[in-house]
Amino acid sequence: MEVIQQLVNGISLGSIYALIALGYTMVYGIVKLINFAHGDIFMVGAFIGFYSITILDLGFFPALLISMVACAIFGVLIERIAYKPLRNATRIAALITAIGVSLFIEYGTIYARGAQPEAYPDGVVSLKSLELFGVKISGQSILILGTSLFLMILLQFIVHKTKIGKAMRAVSHDMDAAKLMGINVNNTISATFAIGSALAGAAGVIFGVYYTKIEPLMGIIPGLKAFVAAVLGGIGIIPGAMAGGLVLGVIESLVSAAGYSLWRDGVAFVVLILILIFRPAGLFGKNIREKV
Amino acid sequence: MNILKQAKFFWTSIVLAIVFSVIMQFLITGGTLNQFYVNTLFFIGINIILATSLHLIIGITGQFSIGHAGFLAVGAYASAIMTMKLGLPFPVAILVGGLAAAVAGLIIGIPTLRLKGDYLAIATLGFGEIVRIVFLNIDYVGGASGMTVSHLTTWPWLVACVVLTVVVIANFTNSTHGRACISIRENEIAADAMGINTTFYKVTAFAIGAFFAGIAGALYAHNFYIIQPTNFGFLKSFDILIFVVLGGLGSMSGAVIAAILLTIISTYLSSYPEVRMVIYSLVLITMMLFRPQGLLGTREITSFFKAGKTAKGGVQHDDKKTVA
């Protein structure tokens, strides 16, 4: 039963990774940029959720919505100010800018409000825990899973059934051709950033409710791990990011359960290096031959 | 004639370096410089080694590695084990630190250098984190509480290591092998087509860079009395990366100048660490937006003095040279 309990924990953690990984994978799929600042948008989302719950005295769902909207705006601002002028620059220049933006958000937050951690108040979510075949699943886990699943289905709907989703798929397939077909590439890229950042903001609030403690540097490690999840599933592939996040969460929980909890952070990177060496296209990806 | 000129330039710089270091030695032992300035000087020396070693990997070979703190950690811990646990002399520890880091560079370089661009960056970042977590979990080296190290780094050793690093990397850059590395930076596929063994040169540059980062690690460990895994997180890697990016990707003198300037700035801002990081990040972003090639681009500081003389000979313009 212990193993199944850990599996449930792993899936809860994994769905948070999956939500962050979706933003990475969408942005990478469309502008080929590792948005290092994505983990920090997750952190900002957690703080916005925290302040809406404590200061504005809102419930979980209103806080989640506020955080998603604010993060979407924040993500678009970052894209317009820092990344858009570099669209034709080298990949390295864009990557360094992303690192710079990430550091700026982290230390700007510390500068603005100090480095002390905050704790989400208890009782934001009052759901009874569920007993299933002798495994106790807490109300929070159910809420996390439910919210994540809902957001992922919503994302699939947006990407596959709406006009902006079609534009996003077209731009990620071939930006120049999409431009020739009359698609507004700039708006499409901004929309991608907005959707990805909103998901990261939601993940931040969920993380805060589940793990209670939030701090300005909390986005770094989940951000990197979510990137690993995106690579694991095949970067640029949306179902891949979901699967990668869940797999990574489960692996981490099993490693903790085996008694190596201090090595937990290392495992994600070992997974990354192994996947990059043996299957660089990811679990869901197709191998594309290099063209000269 | 040209070779003679180069040799003359080389020996003049060496003599100048020796004169400078002897003067500084007298100032330090004479007590003219207070401890604050001496510490800053040591910091500058270590950062110059780190900046030039990363310059070889990123600036010359074009392999974007952001796990340099991992090699620093390997060198620091390996050398500290030599002196503190095995009681070996300091020079041996420096050498072992460098070699251990070079071996780590080979181990990580051979599989990951098959990757390109972003993937390589993430893999090296992951490697740096793995190194940190490994040291965090080994009780022999003190785990999270760290390892106490006696203060053995002296000014002559520091200067010797800095000069050695700069000379070796400058000469490597100007050798056949260095040119092969530059060709990989410019266009890997073309370099491959011209018969250059790209994998060999990428791994070689990586191992040399790691070797000198390990030497810097040995000096670092024996300068600070204590080493902890938290000192070698990826923020340290970013610090080193900023030296190279700010100085100009492909310019060694640029990296050295950036290392000196940023070390001085950061020691003055050390009581406000978050202000320092905000400034660093803004510098990185504005630099990439307005001058993505860095302060000096791929040029060296010496080329500014030579420019007037070579112009009348009709030699190619400096800007067209990609050779650092």
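So the sequence lines, in the order shown, correspond to chains A and B.
If you're matching positions, the first sequence starts at 19 in my numbering and goes up one per residue.
If you're matching positions, the second sequence starts at 264 in my numbering and goes up one per residue.
All C-beta atoms, glycine included, are put in the ideal place defined by N, C-alpha and C.
What in chain B is Cβ-close to proline 298/A, meaning under 8 Å?
For the purposes of this step, residue 298/A is identified with residue 280 of the first sequence, where counting begins at 1. Here the neighbours are Leu378, Tyr382.
Please report the straight-line C-alpha distance between alanine 280/B and phenylalanine 475/B, rounded to a whole angstrom.
Mapped onto the second sequence, residue 280/B falls at position 17. Mapped onto the second sequence, residue 475/B falls at position 212. So the alpha carbons of these two residues sit roughly 19 Å apart.
What's the call for serine 30/A, buried or exposed, on a 16-neighbour Cβ count within 10 Å?
Mapped onto the first sequence, residue 30/A falls at position 12. By the 10 Å Cβ count, serine 30/A comes out buried.
Nonlocal neighbours in the same chain, by C-beta distance under 6 Å from asparagine 27/A, ignoring five residues either side:
Stepping through the first sequence from its first residue, residue 27/A is reached at position 9. Closer than 6 Å at Cβ, skipping near neighbours: Ser271.
Just to confirm my understanding: we take glutamate 124/A, look at its own chain, exclude 5 residues before and 5 after, and list those with CB closer than 8 Å. What are they?
To locate residue 124/A, count along the first sequence from 1; it is residue 106. Closer than 8 Å at Cβ, skipping near neighbours: Asp58, Met61, Pro234, Leu235, Gly237, Ile238.
So which of Ile52/A, Ile48/A, Ser33/A, Gln23/A has the shortest CA-CA distance to phenylalanine 245/A?
As a working mapping, residue 245/A is identified with position 227 in the first sequence. When each option's Cα is compared against that of phenylalanine 245/A, the closest is Ile52/A.
Assign serine 533/B to one of two classes, buried (16 or more other C-beta atoms within 10 Å of its C-beta) or exposed (fewer than that).
Mapped onto the second sequence, residue 533/B falls at position 270. Exposed is the call here.
Between which two residues does the alpha helix (DSSP H) holding glutamate 124/A run?
For the purposes of this step, residue 124/A is taken as the residue at position 106 of the first sequence. Note, glutamate 124/A: alpha helix (DSSP H), 109 to 131.
Tell me which same chain residues have a C-beta within less than 6 Å of the C-beta of threonine 127/A, skipping the five on either side of it?
Translated into the one-based positions of the first sequence, residue 127/A becomes position 109. Correct list, in chain order: Pro234.
Does the beta carbon of alanine 100/A come closer than 8 Å to any beta carbon on chain B?
Along the first sequence, read from residue 1 onward, the residue named residue 100/A stands at position 82. Yes, alanine 100/A counts as interfacial toward chain B.
I'd like the list of long-range same chain contacts for alanine 257/B, defined as Cβ closer than 7 Å, with 5 residues on each side in sequence excluded.
Because chain B is modelled from 264 through 587, residue 257/B falls outside the range shown and cannot be assessed.
Less than 8 Å between the C-beta atoms of glutamine 326/B and phenylalanine 469/B, yes or no?
Reading the second sequence from its first residue, position 63 is the one you call residue 326/B. Reading the second sequence from its first residue, position 206 is the one you call residue 469/B. In this structure, phenylalanine 469/B lies closer than 8 Å to glutamine 326/B by Cβ.
When the Cα of isoleucine 490/B is compared with those of Ala339/B, Phe305/B, Leu362/B, which residue comes out closest?
As a first step, residue 490/B must be located in the second sequence, where it is residue number 227. Isoleucine 490/B has its Cα closest to that of Ala339/B, out of Ala339/B, Phe305/B, Leu362/B.
Rounded to whole angstroms, how far is the Cβ of threonine 324/B from the Cβ of isoleucine 447/B, which I believe are closer than 8 Å?
Reading the second sequence from its first residue, position 61 is the one you call residue 324/B. Reading the second sequence from its first residue, position 184 is the one you call residue 447/B. Confirmed, about 6 Å.
Close Cβ partners of leucine 40/A (< 6 Å) along its chain, the five nearest in sequence each way excluded
Locating residue 40/A in the first sequence gives position 22, counting from the first residue. Around leucine 40/A: Leu217, Ala259.
Out of Arg442/B, Trp274/B, Thr275/B, Thr411/B, point me to the one whose CA is closest to leucine 319/B's CA.
By one-based count along the second sequence, residue 319/B stands at place 56. Cα-wise, what sits closest to leucine 319/B is Arg442/B.
On the criterion of 16 or more Cβ atoms from any shown chain inside 10 Å, does alanine 456/B qualify as buried, or is it exposed?
If you number the second sequence from 1, residue 456/B lands on position 193. By the 10 Å Cβ count, alanine 456/B comes out exposed.
To the nearest angstrom, how far is it from the Cα of lysine 181/A to the Cα of leucine 173/A?
Start at 1 with the first residue of the first sequence, and residue 181/A comes out as number 163. Start at 1 with the first residue of the first sequence, and residue 173/A comes out as number 155. Computed Cα separation, rounded: 13 Å.
From Gly294/B, Leu304/B, Asn297/B, Phe299/B, pick the residue whose C-alpha is nearest to that of phenylalanine 283/B; which is it?
The residue given as residue 283/B occupies position 20 in the second sequence. For phenylalanine 283/B, the nearest C-alpha among the options comes from Leu304/B.
Do isoleucine 73/A and alanine 88/A have their beta-carbon atoms positioned less than 8 Å apart in this structure?
Numbered from its first residue, the first sequence carries residue 88/A at position 70. Numbered from its first residue, the first sequence carries residue 73/A at position 55. Not closer than 8 Å, so no.
Work out the CA separation of phenylalanine 390/B and histidine 56/A for me, nearest whole Å.
Taking the first sequence and counting its residues from 1, the one referred to as residue 56/A is at position 38. Taking the second sequence and counting its residues from 1, the one referred to as residue 390/B is at position 127. If you take the alpha carbons of histidine 56/A and phenylalanine 390/B, they lie about 21 Å apart.
With DSSP collapsed to three states, give me the class of threonine 230/A.
Here the question's residue 230/A lines up with position 212 in the first sequence. If DSSP states are grouped into helix, strand and coil, threonine 230/A belongs with coil.
Endpoints, the alpha helix (DSSP H) within which alanine 521/B is located
The residue given as residue 521/B occupies position 258 in the second sequence. Alanine 521/B -> alpha helix (DSSP H) spans 515 to 531.
So, using beta-carbon positions, are alanine 111/A and alanine 247/A closer together than 8 Å?
Residue 111/A sits at position 93 when you count from the first residue of the first sequence. Residue 247/A sits at position 229 when you count from the first residue of the first sequence. Not in contact: alanine 111/A and alanine 247/A (Cβ atoms no closer than 8 Å).
Can you name the residues of chain A whose CB is closer than 7 Å to the CB of tyrosine 543/B?
Numbered from its first residue, the second sequence carries residue 543/B at position 280. Here the neighbours are Leu121.
Can you have a look at proline 135/A and say buried or exposed, based on whether 16 or more other CB atoms are within 10 angstroms of its CB?
Here residue 135/A refers to the residue found at position 117 when the first sequence is read from its first residue. So proline 135/A counts as exposed.
Can you name the residues that DSSP bridges to alanine 137/A?
By 1-based counting over the first sequence, the position of residue 137/A is 119. Beta-bridge pairing links alanine 137/A to Lys231/A.
Evaluate the contact criterion for the stretch 294 to 314 of chain B versus the stretch 282 to 301 of chain A: three or more CB pairs, one atom per stretch, below 8 Å.
no
Kindly confirm or deny that the stretch 91 to 101 of chain A and the stretch 208 to 215 of chain A touch, where touching means at least three C-beta pairs closer than 8 Å.
yes
Tell me whether the stretch 494 to 501 of chain B and the stretch 379 to 399 of chain B touch, counting them as touching only if at least three CB pairs, one residue from each stretch, are closer than 8 Å.
yes
Would you report the Cα separation of alanine 185/A and serine 208/A, rounded to the nearest angstrom?
As a working note, residue 185/A is residue 167 in the first sequence. As a working note, residue 208/A is residue 190 in the first sequence. Going by the C-alpha atoms only, they are around 12 Å apart.
With a cut-off of 8 Å, do at least 3 Cβ pairs link the stretch 514 to 529 of chain B to the stretch 340 to 358 of chain B?
no
Proximity of isoleucine 99/A and phenylalanine 54/A at Cβ, strictly below 8 Å
Reading the first sequence from its first residue, position 81 is the one you call residue 99/A. Reading the first sequence from its first residue, position 36 is the one you call residue 54/A. It is not a contact, given that the beta carbons lie outside the stated cut-off.
For chain B, find out if any of its Cβ atoms is closer than 8 Å to the Cβ of phenylalanine 65/A; answer yes or no.
Sequence index remark: in the first sequence, residue 65/A carries index 47 (1-based). No, phenylalanine 65/A lies away from the interface with chain B (no Cβ there is under 8 Å from its Cβ).
Output, in chain order, the set of chain B residues within a Cβ distance shorter than 7 Å of arginine 131/A.
In the first sequence, the residue the question calls residue 131/A occupies position 113. Chain B residues near arginine 131/A: none, gap ~11 Å exceeds 7 Å.
Using a Cβ-Cβ cut-off of 8 Å, state whether alanine 107/A counts as contacting chain B.
Counted from its first residue, the first sequence places residue 107/A at position 89. Alanine 107/A counts as touching chain B.
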